[in-house]
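Protein chains in written order, with the numbering used here: chain A, 517 to 763; chain H, 42 to 428. Note that CB positions come from ideal geometry on N, CA and C, so glycine has one too.
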Amino acid sequence: MNMIVETKNVTKTFGMNGIAVEAVRGIDLQVREGEFVAIVGPSGSGKSSLLHLIGAMDHPTSGEVFFRERPLSRMNDGARTDLRAREIGFIFQTFNLLPMLNVFENVEVVMRFGGLAKRERIQRTESLLKTVGLAERMRHLPNRLSGGERQRVAVARALANQPALVLADEPTGNLDSTTGTGILELLREICNSRKQTVIMVTHDFRAASYADRVLVLRDGRIRGEAGLKGVTDTHKTLNQLLELELE
Amino acid sequence: MLLDLAWKNIWRRKLRSLLTILGVASAVQLYLMVHGVMGTYTGEINGQVNAFAGRIVIQQQVESGGGKSDLTSSTSSLMEETAEALLATGGIDRAASSALLFVPIARALMPYIPPAVVAVGLEPGHEAAYLGGLKAASGRLTLEEPDEVILGQGAAEYYRSENNGDPVGIRSTIPVGGRTLKVVGILGDAPQLFANAVIMPLPTAQAIFDRPGTVTSVILTVQNTGAVETVKSSIQAGFSGLTVSTQDDMLRSASSILDAMNSFMSIIETSILTVAVIVVMIVVIVSVMEARREIGTLRAVGAARWRIFTMVAGQSIVLSMMGTLVALPIALFFVQWGMSDYLSSVTGVLQVWWQILVTAVGVGLAASILPAWQAVRVDPLESLRYE
Numbered sequence: 517m518n519m520i521v522e523t524k525n526v527t528k529t530f531g532m533n534g535i536a537v538e539a540v541r542g543i544d545l546q547v548r549e550g551e552f553v554a555i556v557g558p559s560g561s562g563k564s565s566l567l568h569l570i571g572a573m574d575h576p577t578s579g580e581v582f583f584r585e586r587p588l589s590r591m592n593d594g595a596r597t598d599l600r601a602r603e604i605g606f607i608f609q610t611f612n613l614l615p616m617l618n619v620f621e622n623v624e625v626v627m628r629f630g631g632l633a634k635r636e637r638i639q640r641t642e643s644l645l646k647t648v649g650l651a652e653r654m655r656h657l658p659n660r661l662s663g664g665e666r667q668r669v670a671v672a673r674a675l676a677n678q679p680a681l682v683l684a685d686e687p688t689g690n691l692d693s694t695t696g697t698g699i700l701e702l703l704r705e706i707c708n709s710r711k712q713t714v715i716m717v718t719h720d721f722r723a724a725s726y727a728d729r730v731l732v733l734r735d736g737r738i739r740g741e742a743g744l745k746g747v748t749d750t751h752k753t754l755n756q757l758l759e760l761e762l763e
Numbered sequence: 042m043l044l045d046l047a048w049k050n051i052w053r054r055k056l057r058s059l060l061t062i063l064g065v066a067s068a069v070q071l072y073l074m075v076h077g078v079m080g081t082y083t084g085e086i087n088g089q090v091n092a093f094a095g096r097i098v099i100q101q102q103v104e105s106g107g108g109k110s111d112l113t114s115s116t117s118s119l120m121e122e123t124a125e126a127l128l129a130t131g132g133i134d135r136a137a138s139s140a141l142l143f144v145p146i147a148r149a150l151m152p153y154i155p156p157a158v159v160a161v162g163l164e165p166g167h168e169a170a171y172l173g174g175l176k177a178a179s180g181r182l183t184l185e186e187p188d189e190v191i192l193g194q195g196a197a198e199y200y201r202s203e204n205n206g207d208p209v210g211i212r213s214t215i216p217v218g219g220r221t222l223k224v225v226g227i228l229g230d231a232p233q234l235f236a237n238a239v240i241m242p243l244p245t246a247q248a249i250f251d252r253p254g255t256v257t258s259v260i261l262t263v264q265n266t267g268a269v270e271t272v273k274s275s276i277q278a279g280f281s282g283l284t285v286s287t288q289d290d291m292l293r294s295a296s297s298i299l300d301a302m303n304s305f306m307s308i309i310e311t312s313i314l315t316v317a318v319i320v321v322m323i324v325v326i327v328s329v330m331e332a333r334r335e336i337g338t339l340r341a342v343g344a345a346r347w348r349i350f351t352m353v354a355g356q357s358i359v360l361s362m363m364g365t366l367v368a369l370p371i372a373l374f375f376v377q378w379g380m381s382d383y384l385s386s387v388t389g390v391l392q393v394w395w396q397i398l399v400t401a402v403g404v405g406l407a408a409s410i411l412p413a414w415q416a417v418r419v420d421p422l423e424s425l426r427y428e
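What follows is the structure in structure tokens.
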């Protein structure tokens with residue numbers, strides 16, 4: 517299968533109070549089309565920074581990120597914005613819905629960036645909201661929704677332009693376990709039925725068990741990796757990874 | 042475009058938006074007032090000057106302002122003998138020339154514009170000297186009897202209040218200085234100099250206003266308009282202590298007055314609009330600061346910088362346009378009800394409707410530059426800084 521994301525020796529250094537902090541240290545990563553990859557690690561391990569680099573939201577200090585073999589460093593702001601609009605969907609931990617727009621509008625607005633015609637935007641928004649179980653709440657403002665419902669809106673928004681890649685940053689971080697399970701099943705379903713690639717950042721190994729492949733990140737480096745596809749005892753495999761992380 | 046988002050941003054902060062709109066409305070209505078009044082004023086002066094094409098106005102020279110074209114100056118005083126000598130100048134059309142007596146009945150709002158109502162005494166049979174080619178709305182424009190009077194439309198309106206609110210028309214009588222005069226003609230549309238005139242025979246005016254044997258000015262109509270400067274030179278050579286003004290002189294005088302006033306008013310207008318721009322800018326900047334996370338989210342999910350710019354500029358322009366819409370009826374109300382006694386129409390405001398539109402969009406755009414610049418620089422990662 518074709519590679520959708522590839523990173524080559526990517527590093528990211530932030531300056532904090534005059535001290536250089538290396539969040540990502542020479543990461544080489546390859547993600548295939550249609551794969552569900554979970555990146556796990558403790559807080560500060562660099563997993564979100566890596567996700568932002570992959571999502572064309574940030575620039576690496578060194579190394580290169582490729583999206584479908586196109587180097588992101590060669591793209592100007594307009595091209596990177598267009599990439600985010602058409603080929604990448606984002607799901608944020610804190611949902612990041614626009615408070616003045618209702619559920620329908622929150623999903624529909626990103627389709628404008630994808631250049632869709634109005635009629636198609638309406639049809640697709642209704643269909644997506646039906647898929648995530650919010651057809652009855654289209655005209656509600658975000659502040660009238662529960663956390664789980666907001667995240668489902670965010671999932672619908674991420675899928676609005678039928679992106680090849682969905683990036684989820686701690687998508688269950690602000691949800692109770694039952695609601696979180698519903699979101700994870702939805703992401704798994706996206707991968708299975710729509711053949712879209714999902715890269716999810718989480719510190720929760722239970723959430724990671726929904727992925728095809730799990731990468732453990734610590735101190736900005738990949739410290740372990742395990743494939744879960746076809747594995748019958750995912751619990752045992754994840755425990756082994758957890759031990760690796762605790763070393 | 043994200044104009045619907047701009048509108049929702051305005052709607053989300055209703056009180057703030059309302060106060061901004063009222064602030065803009067105050068500034069814009071003041072701008073419209075100044076602009077409209079200046080427009081009316083300029084039109085009026087130009088109308089006066091144009092009415093004196095091919096004619097020469099002679100007044101007594103005064104120490105200050107002697108060169109100004111205060112055509113209805115009542116401070117000028119010429120002896121009737123001098124006036125007769127002037128009217129005997131060669132090369133003039135005597136039938137269309139006359140000695141005149143101007144006496145204000147109601148004062149003007151501003152200098153260099155005609156009194157709100159002015160009595161004009163002229164020689165019977167020489168009405169054309171003053172009225173030129175003006176047409177009558179009703180009646181006749183000739184004075185045949187000592188107690189007859191011709192009214193401009195503004196003057197007729199003025200005397201309506203003296204007539205228990207009843208319209209003043211042909212055969213109506215009006216009281217002037219203790220005498221009752223009969224209206225024989227009403228002027229059609231005319232510059233204010235004429236619209237506010239109460240025109241009567243010169244002897245009648247001299248008697249009513251106790252100015253026996255004197256006039257305030259002489260108007261000469263030159264037979265050959267190409268010879269205006271020659272006639273002027275001969276008058277200046279033959280008479281001392283007089284101000285002799287041709288249409289060109291009046292134009293120069295009017296231009297210098299208008300230029301000075303326009304410069305002053307432009308400073309006021311610019312200051313007013315700057316206040317409006319700053320009011321809108323402050324509100325939109327605060328709005329952008331509050332919405333950094335949302336703007337970051339929009340950038341993260343693929344909103345291009347130009348879309349963010351249009352959203353912010355749209356918000357700014359909508360506020361400005363709404364303020365202008367509120368300002369328009371207020372300005373018209375003030376001009377109509379507060380100044381109608383002095384300025385004959387509201388056309389000064391109405392005529393600049395397209396300028397109003399351009400001004401509103403201009404204020405909005407100018408106010409949006411800084412906040413829009415701040416907004417388009419918001420990083421997509423800004424959406425995550427609050428997690």
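C-alpha distance - residue i paired with residue j, whole-angstrom precision
i	j	result
Val714 of chain A	Glu551 of chain A	6 Å
Val263 of chain H	Phe143 of chain H	22 Å
Leu314 of chain H	Leu360 of chain H	14 Å
Gly282 of chain H	Val259 of chain H	14 Å
Ser110 of chain H	Lys273 of chain H	Confidence in Ser110 of chain H is poor, its pLDDT being 49 and thus under 50, which makes the residue's placement unreliable; the coordinate value appears in the next sentence. Rounded to whole angstroms, Ser110 of chain H to Lys273 of chain H spans 15 Å at the Cα level.
Ile699 of chain A	Leu657 of chain A	20 Å
Ile738 of chain A	Gly562 of chain A	10 Å
Met302 of chain H	Asp420 of chain H	49 Å
Ala170 of chain H	Ser139 of chain H	6 Å
Ser328 of chain H	Ser297 of chain H	46 Å
Glu741 of chain A	Ala407 of chain H	55 Å
Val190 of chain H	Glu164 of chain H	12 Å
Leu644 of chain A	Phe582 of chain A	29 Å
Ile358 of chain H	Ile535 of chain A	44 Å
Leu119 of chain H	Pro232 of chain H	26 Å
Arg54 of chain H	Val324 of chain H	10 Å
Gly166 of chain H	Asp188 of chain H	15 Å
Met654 of chain A	Ser578 of chain A	44 Å
Pro558 of chain A	Phe629 of chain A	34 Å
Reference residue i; option with closest CA among the options
i	options	result
Leu172 of chain H	H:Val225, H:Ala137, H:Glu203 and H:Thr400	H:Ala137
Leu60 of chain H	H:Pro244, H:Ala413 and H:Gly364	H:Gly364
Val521 of chain A	A:Arg673, A:Glu701, A:Asn533 and A:Leu683	A:Leu683
Gly218 of chain H	H:Gly193, H:Asp207, H:Thr245 and H:Ala236	H:Thr245
Val316 of chain H	H:Leu373, H:Gly405, H:Ile86 and H:Ser328	H:Gly405
Ala92 of chain H	H:Gly166, H:Thr287, H:Leu128 and H:Gln101	H:Thr287
Asn265 of chain H	H:Arg135, H:Arg212, H:Ile215 and H:Gly206	H:Arg135
Asn690 of chain A	A:Val671, A:Gln678 and A:Gln667	A:Gln667
Ile215 of chain H	H:Lys49, H:Tyr200, H:Trp394 and H:Gly174	H:Tyr200
Phe280 of chain H	H:Tyr82, H:Ala94 and H:Gln101	H:Gln101
Ala344 of chain H	A:Gln756, A:Val669, A:Asp598 and A:Glu686	A:Asp598
Trp414 of chain H	H:Asp207, H:Arg346 and H:Ser312	H:Arg346
Ile308 of chain H	H:Asn50, H:Met330, H:Tyr72 and H:Phe374	H:Tyr72
Val285 of chain H	H:Asn87, H:Gly267 and H:Val98	H:Val98
CB contact flag (residue i, residue j, <7 Å)
i	j	result
Val225 of chain H	Gly180 of chain H	yes
Gly229 of chain H	Lys176 of chain H	yes
Ala676 of chain A	Met616 of chain A	no
Ile555 of chain A	Leu731 of chain A	yes
Leu299 of chain H	Val90 of chain H	no
Val158 of chain H	Asn237 of chain H	yes
Pro242 of chain H	Leu182 of chain H	no
Pro687 of chain A	Ile607 of chain A	yes
Val619 of chain A	Arg673 of chain A	no
Met573 of chain A	Ala341 of chain H	yes
Continuous alpha helix (DSSP H) stretch holding residue i: start and end
i	result
Ala317 of chain H	Gln288 to Glu331
Asn708 of chain A	Ser693 to Arg710
Gln667 of chain A	Gly663 to Leu675
Pro412 of chain H	Trp394 to Val417
First through last residue of the beta strand (DSSP E) which encompasses residue i
i	result
Ala140 of chain H	Ser139 to Ala147
Leu731 of chain A	Arg729 to Arg734
Gln546 of chain A	Ile535 to Arg548
Ala169 of chain H	Here Ala169 of chain H belongs to no beta strand (DSSP E); instead the alpha helix (DSSP H) covers Ala169 to Leu172.
Residues of the region 711-739 of chain A with Cβ closer than 9 Å to any Cβ of chain H, in chain order: Residues of the region 711-739 of chain A that bring their beta carbon within less than 9 Å of a beta carbon in chain H are absent altogether.
Q) In the region 331-345 of chain H, which residues sit with their C-beta less than 8 Å from some C-beta in chain A, listed in chain order? A) Those would be Arg334, Glu335, Thr338, Leu339, Arg340, Ala341, Val342, Gly343, Ala344 and Ala345, in chain order.
Taking Cβ-Cβ distances below 8 Å as the criterion, which residues of the region 546-564 of chain A are in contact with chain H? So the close ones are Ser564.
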